[in-house]
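Structure first, commentary second.
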Amino acid sequence: MSAFQPVRGISAIHRLNPIAKLAAPLLLAGALLLTIDWVSASVALALESVLFFRAGLGLRRFWLRTLPVWIAAPFAGLTILLYGRASGHSYFHWVFMNVSDGSISLAVATTLRVLAIGLPGVVLFVTVDPTDLADGLAQVVRLPARFVLGGLAALRLVGLFLDDWRSLELARRARGVADRGRLRRFASQAFALFVLSIRRATKLATAMEARGFGAPIQRTWARDSPFGWREWVLVLIGAAIAAVALTVTIVSGHWNFIAG
Amino acid sequence: MSSSIPAAGVTARGWGWRHSGRKAWAVSDLDVRIEPGERVLLLGASGAGKSTLVHALAGVLGGEEEGEQRGELLIDGRRPEDSRGRVGLVMQDPDSQVILARVGDDVAFGCENLGVPREEIWTRVAESLDAVGLRVPLDHPTEQLSGGQKQRLALAGVLAMHPGLLLLDEPTANLDPDGVVEVREAVARVLDRTHATLVVIEHRVEVWRSLVDRVIILAPGGGVLADGAPDAVLGTQGASLAASGVWVPEFPPAAPIRVTAPTSERLLATEGLSVARSGSGVLQSGIDLSLAVGEALAVTGPNGAGKSTLGLTLAGLLAPAAGRVAAAPRLANGIGSHPIRWKSRELFTRIGTVFQDPEHQFLASTVRDELAIGPRALRLVQPEIDARVDELLTRLRLETLAAANPFTLSGGEKRRLSVATVLATRPRVMVLDEPTFGQDSRTWQELVALLAGLLDEGCSIVAVTHDAELVSALATTTLRFDSRTEVTA
Ligand SMILES: Nc1ncnc2c1ncn2[C@@H]1O[C@H](COP(=O)(O)OP(=O)(O)OP(=O)(O)O)[C@@H](O)[C@H]1O
Ligand SMILES: [Mg+2]
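Chain order of the listed sequences is A and B.
Start counting the first sequence at 1; every next residue gets the next number (our numbering).
Start counting the second sequence at 1; every next residue gets the next number (our numbering).
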């Protein structure tokens with residue numbers, strides 16, 4: 001499960017409130033989704049790349065954790081390249097596929113965009129501890145405690161899914177029902193996992209209830225979730241990158257409003 | 001810990017509960033008064049309704065969809081649902097009670113729900129962890145705790161809520177002997193500090209006998225079978241209580257008498273076997289053993305030593321990390337000698353397995369169907385199927401539950417059913433992980449007698465267990481694992 005575990009550390013970034021780590025990339029994403037062109041995403045990416053190496057990850061971890069983004073970006077680009085809105089000169093045409101000047105520039109813009117939004121999101125998010133995030137969602141964003149803590153507890157169950165799946169597989173082999181066709185076997189085992197997960201969830205809910213969860217009392221929080229100037233700095237950095245990227249785009253005449 | 005927290009008293013007046021979907025009442029006509037500060041051992045046959053009562057006291061039985069209530073059950077004169085924080089519950093499964101990822105946060109969880117101010121929470125967390133003797137950093141990951149440590153964590157979490165009534169439902173059932181002592185000592189220390197009222201459920205009387213000052217025995221048909229000081233109750237009525245399933249140390253269940261002696265006709269053997277879970281390091285290595293007709297091998301040792309993993313490997317479910325498991329021709333009966341390569345259909349008629357967690361094994365929606373799956377797959381004729389199923393239902397006291405859903409059974413009933421599914425198929429080799437877990441003395445005796453009967457008929461058994469009585473009643477050989485000697489692959 002190590003791929004899901006938060007990266008821990010002692011640098012400043014690790015102590016920042018998870019809500020700020022959530023807000024900054026969201027802000028950036030919002031801005032970059034207004035326009036689709038190669039300039040805005042490139043500028044954002046260039047500015048971000050300076051910060052990535054201060055994110056407390058280390059080079060190896062950085063590549064490892066962001067690998068999915070590096071894979072997803074060209075794929076998104078490729079799809080747009082083949083199926084995106086065609087315009088200008090057409091280089092290749094087959095059934096629904098059409099590679100044209102228009103779709104090439106859209107593909108480049110998309111690839112860069114996925115990187116510019118995905119990388120900071122992942123980099124900031126891998127240092128988030130789920131418990132701290134729950135604290136933030138409840139205390140800073142003020143989402144209902146029941147909802148936030150229920151989600152947090154459920155997250156722990158996800159880790160047990162894999163173990164359960166494995167055990168179910170063995171248990172079914174032991175009972176002589178594992179020779180059926182792959183599909184049928186998978187379907188019935190998936191159903192068993194579903195039943196088992198509900199059981200686990202019920203037990204966990206009972207355990208939580210037994211500890212007073214859901215009592216009609218104003219809940220307190222054992223951990224503080226401070227949102228101070230450091231957090232605002234991170235959010236401002238996100239906003240600044242967005243602003244610079246958009247300004248450069250508009251000034252250089254590349255603005256391409258997405259709904260336009 | 002301040003002893004200023006008042007202990008809570010319990011009053012039941014004609015109280016009863018019927019789980020929805022069941023005709024019979026799990027508990028009925030209960031009239032008891034438990035005074036503040038009393039320490040009660042709650043006994044009763046498997047399925048007598050002990051867990052139901054304790055869950056009701058904790059206020060977690062649920063509402064009207066979950067069942068029907070009769071009479072009155074009060075804690076200090078108030079309904080359990082209105083007494084949150086006054087009552088703390090520790091259940092038997094260590095894994096289903098861990099709520100948060102870090103030890104400190106987990107202990108703090110109950111206090112937060114009760115609205116305890118932040119500074120006080122952390123004082124309470126420190127006090128509670130100290131009281132249960134769990135000395136790990138506050139940010140220690142909860143998933144890295146052993147079974148005994150997890151139970152003490154659950155106890156600490158409950159303790160931090162400053163309850164006046166402590167409810168423990170078989171808190172040591174899953175633990176190795178060291179873990180049992182660990183938890184009992186922790187409870188003793190806690191009670192000395194807080195003087196809270198205690199209600200503990202445990203079939204094995206001797207674990208708690210020295211700590212309690214009263215024994216209440218629930219009658220399976222409703223009401224109370226016996227009630228009083230431990231020595232008085234267990235001494236004067238010992239014989240009759242033992243006959244109804246109570247585990248009275250002076251009247252232990254009868255050990256089975258083997259008719260035929262073990263032979264030397266080999267069924268299964270290992271050579272230089274190393275066992276590992278997929279993706280983890282080798283847990284035990286260099287295992288050379290052999291299993292002959294009529295033999296029962298007991299595998300014992302601390303939690304986490306790799307006993308269950310060995311069981312699954314012998315059962316042809318996990319591939320050996322090194323070395324081999326070989327089935328003798330007598331067992332293989334015309335197919336290859338590597339159980340791991342057998343088809344599922346070939347495996348279950350030769351080697352049957354009972355998993356540690358019975359819930360992983362259930363396939364049917366009623367107890368009767370669950371038992372019939374094996375015999376049906378063997379293509380037995382219907383009268384033979386019915387005969388086998390009925391015999392097991394009766395002998396293991398599941399007959400009234402034939403139409404119940406396996407998932408709704410009590411802890412002990414689930415265990416018996418999962419063992420019975422293997423007994424119904426009668427494979428030559430049976431690998432049983434904690435087969436006697438949660439049994440009262442009567443069901444224990446019946447289960448052990450059934451196993452002994454199969455040994456006499458030419459089967460052989462591998463039992464992974466912490467149950468010393470089972471080992472002395474059945475085992476012909478014992479393999480003891482010491483603490484995990486981790487060999488990283
Ligand atoms: N959720 C449920 N739904 C339906 N029936 C249930 C449910 N839980 C328990 N029962 C039934 O209620 C009766 C009492 O169960 P309970 O778990 O209280 O027994 P117990 O005394 O704790 O037994 P054990 O010693 O085996 O744990 C049993 O017949 C059981 O099958
Ligand atoms: Mg029970």
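Glycine included, C-beta positions come from ideal geometry on N, C-alpha and C.
Among N98(A), L204(A), R54(A), the one whose alpha carbon lies nearest that of V98(B): Here residue 98(B) refers to the residue found at position 98 when the second sequence is read from its first residue. Taking only the C-alpha atoms, the option nearest V98(B) is L204(A).
Along chain B, in chain order, which residues have C-beta atoms closer than 8 Å to that of R219(A)? Numbered from its first residue, the first sequence carries residue 219(A) at position 219. Result: E112, N113, G115.
Straight-line CA distance for L396(B) to Q151(B)? For the purposes of this step, residue 396(B) is taken as the residue at position 396 of the second sequence. For the purposes of this step, residue 151(B) is taken as the residue at position 151 of the second sequence. C-alpha separation (whole angstroms): 30 Å.
Over what stretch of residues does the beta strand (DSSP E) that includes T477(B) continue unbroken? Locating residue 477(B) in the second sequence gives position 477, where the first residue counts as 1. It spans 477-480 - the beta strand (DSSP E) in which T477(B) sits, taken as one unbroken run.
Can you tell me the Cβ-Cβ gap for L392(B) and A364(B), rounded? I've got them flagged as a contact below 8 Å. Here residue 392(B) refers to the residue found at position 392 when the second sequence is read from its first residue. Here residue 364(B) refers to the residue found at position 364 when the second sequence is read from its first residue. Not a contact, Cβ separation roughly 14 Å.
Which residues, taken in chain order from the segment 56-72 of chain B, show a beta carbon closer than 8 Å to some beta carbon of chain A? A58, G59, V60
Does the Cβ of A48(B) have 16 or more other Cβ atoms within 10 Å, making it buried, or fewer, making it exposed? The residue given as residue 48(B) occupies position 48 in the second sequence. Label assigned to A48(B): buried.
Pick out whichever of V69(A), L149(A), P226(A) has its Cα sitting closest to the Cα of G121(A). The sequence position of residue 121(A) within the first sequence is 121, counting from 1. It is V69(A).
Once you ignore the five residues that flank L470(B) on each side, which residues in its own chain have a CB closer than 6 Å to its CB? As a position in the second sequence, residue 470(B) is number 470, starting the count at 1. Cβ neighbours of L470(B) beyond the five flanking positions: T436.
Euclidean distance between Cα positions of D163(A) and Q356(B): As a first step, residue 163(A) is located in the first sequence; it is residue number 163 there, counting from the start. As a first step, residue 356(B) is located in the second sequence; it is residue number 356 there, counting from the start. Cα-Cα distance, rounded: 13 Å.
Beta-carbon within less than 7 Å of T263(B)'s beta-carbon, same chain only, minus the 5 sequence neighbours each way: which residues are those? On the second sequence, position 263 is the one that residue 263(B) refers to. So the qualifying residues of the chain are A292, V293, G294.
Hey, which unbroken runs of the beta strand (DSSP E) at 3 residues or more fall wholly within the segment 217-255 of chain B? 224-228
With burial defined as no fewer than 16 other Cβ atoms inside 10 Å of the residue's Cβ, what is the status of N333(B): buried or exposed? Translated into positions along the second sequence, residue 333(B) becomes position 333. Exposed, by the Cβ-count rule.
Anticipated Cβ contact below 8 Å, L155(B) with V54(B), distance rounded: Taking the first residue of the second sequence as position 1, residue 155(B) is located at position 155. Taking the first residue of the second sequence as position 1, residue 54(B) is located at position 54. About 15 Å; that fails the 8 Å criterion.
Among A26(B), P80(B), E72(B), nearest to A8(B) - alpha-carbon criterion: Position 8 of the second sequence, counted from the first residue, corresponds to residue 8(B). Selected option, being the one with the closest Cα: P80(B).
On a Cα-Cα basis, can you pick out the residue from I121(B), G115(B), G228(B), Q69(B) that is closest to D105(B)? Locating residue 105(B) in the second sequence gives position 105, where the first residue counts as 1. Measuring from the Cα of D105(B), the nearest candidate turns out to be I121(B).
For T309(B), list the residues DSSP reports as bridge partners. The residue you call residue 309(B) lines up with position 309 of the second sequence. Paired residues: none, contrary to the question.
Quick one: which chain B residues come within Cβ less than 8 Å of R200(A)? On the first sequence, position 200 is the one that residue 200(A) refers to. Correct list: S96.
When you compare each of S280(B), A296(B), A269(B) to G286(B) by their alpha carbons, which one comes out closest? As a first step, residue 286(B) is located in the second sequence; it is residue number 286 there, counting from the start. Comparing Cα positions, the closest option is A269(B).
So with CB distances below 8 Å, who are the chain A contacts of E359(B)? Taking the first residue of the second sequence as position 1, residue 359(B) is located at position 359. Within chain A, the residues near E359(B) are L196, R199.
Using a strict less-than 5 Å threshold between each residue's beta carbon and the heavy atoms of ligand 1, what residues do you get? H19(B), R22(B), A26(B), S46(B), G47(B), A48(B), G49(B), K50(B), S51(B), T52(B), T408(B), L409(B), S410(B), G411(B), G412(B)
Host beta strand (DSSP E) of F92(A) (start-end): The count along the first sequence starts at 1 and reaches residue 92(A) at position 92. First-last of the beta strand (DSSP E) with F92(A): 90-94.
With the cut-off set at 9 Å, would you say G438(B) and G458(B) are in Cβ contact? By 1-based counting over the second sequence, the position of residue 438(B) is 438. By 1-based counting over the second sequence, the position of residue 458(B) is 458. For G438(B) and G458(B), no; Cβs fall outside 9 Å.
Taking the alpha carbon of I351(B) as the point to measure from, which residue in V125(B), R118(B), P427(B), G63(B) has its own alpha carbon closest? Taking the second sequence and counting its residues from 1, the one referred to as residue 351(B) is at position 351. Of the listed residues, the one whose Cα sits closest to I351(B) is P427(B).
Going by the beta-carbon positions, is the gap between R193(B) and A131(B) smaller than 9 Å? Here residue 193(B) is taken as the residue at index 193 of the second sequence, counted from 1. Here residue 131(B) is taken as the residue at index 131 of the second sequence, counted from 1. Contact: yes.
If you draw a straight line from the alpha carbon of L331(B) to that of S188(A), how long is it in whole angstroms? As a first step, residue 331(B) must be located in the second sequence, where it is residue number 331. As a first step, residue 188(A) must be located in the first sequence, where it is residue number 188. Whole-angstrom Cα-Cα distance: 30 Å.
Listing by chain order, which chain A residues have their CB less than 8 Å from the CB of D105(B)? Translated into positions along the second sequence, residue 105(B) becomes position 105. The answer, in chain order, is T131, A222, R223.
In chain B, which residues lie less than 7 Å from D37(A) when you measure between Cβ atoms? Numbered from 1 along the first sequence, position 37 holds the residue referred to as residue 37(A). Residues of chain B passing the Cβ test: none, with the nearest at roughly 43 Å.
Using only the heavy atoms of ligand 2, determine whether one of them is closer than 8 Å to the beta carbon of I216(B). Position 216 of the second sequence holds residue 216(B). No - ligand 2 has no heavy atom lying nearer than 8 Å to the Cβ of I216(B).
Reducing DSSP to helix, strand and coil, say where T260(B) ends up. On the second sequence, residue 260(B) is found 260 positions in, with the first residue counted as 1. It is coil, neither helix nor strand.
Does the Cβ of W15(B) have 16 or more other Cβ atoms within 10 Å, making it buried, or fewer, making it exposed? For the purposes of this step, residue 15(B) is taken as residue 15 along the second sequence, with counting starting at 1. W15(B) comes out buried.
Taking the straight line between their C-alpha atoms, what separation do you get for A49(A) and G238(A)? For the purposes of this step, residue 49(A) is taken as the residue at position 49 of the first sequence. For the purposes of this step, residue 238(A) is taken as the residue at position 238 of the first sequence. It is worth fixing the name first, because residue 49(A) is Ser in this sequence and not Ala. So the two alpha carbons sit approximately 13 Å from each other.
Taking all protein chains shown into account, decide if W63(A) is buried (16 or more other Cβ within 10 angstroms of its Cβ) or exposed. The residue given as residue 63(A) occupies position 63 in the first sequence. Counting Cβ neighbours within 10 Å, W63(A) comes out exposed, since fewer than 16 surround it.
Does K50(B) pass the burial test, meaning 16 or more other C-beta atoms within 10 Å, or should it be called exposed? Start at 1 with the first residue of the second sequence, and residue 50(B) comes out as number 50. K50(B) comes out buried.
Count the other CB atoms within 10 Å of the CB of S2(B); is the residue buried (16 or more) or exposed (fewer)? Here the question's residue 2(B) lines up with position 2 in the second sequence. Low confidence applies to S2(B): its pLDDT is 48, below 50, so where it sits in the model is not reliable enough to give any reading.
To the nearest angstrom, how far is the alpha carbon of H162(B) from that of G88(B)? Along the second sequence, one-based indexing puts residue 162(B) at 162. Along the second sequence, one-based indexing puts residue 88(B) at 88. Those two C-alpha atoms are separated by around 8 Å.
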